[in-house]
Every structure is written in structure tokens, then in C-alpha cells.
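Numbering (the working numbering), first residue to last: 1105 to 1145.
No residue lacks a Cβ here, since even glycine has one placed at the ideal position from N, Cα and C.
Below is one structure, written out as C-alpha cells; the observations come after it.
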């Protein structure tokens, strides 16, 4: 039973980590573009 659940658990953690990294990258890029608009270079 545990052996069949383990791959799903590892896969879910990998997908969650990838989603967090992707969301973090999108958030940082969005904040950077917004900051560039607010602060005139």
C-alpha cells in the first residue's frame, strides 16, 4: 500500500514545488514591471 502511494506523493511534491517556483518568478517579474512604472528611471 505505501509503495503505491509513495510515487504519487513524490510526484505531487514535485508539481507543487514547480508551481511555487513558477508563481514566484511570475510575481517577481510582475512586481519588477510595476516598480519600473512607478519609479521613473
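Which of helix, strand or coil DSSP assigns to residue 1143 = coil
Pairwise C-alpha distance: residue 1120 and residue 1130 = Those two C-alpha atoms are separated by around 15 Å.
Note down the Cα distance separating residue 1139 from residue 1125, rounded to an integer number of angstroms.
-> Rounded to the nearest angstrom, the two C-alpha atoms are 21 Å apart.
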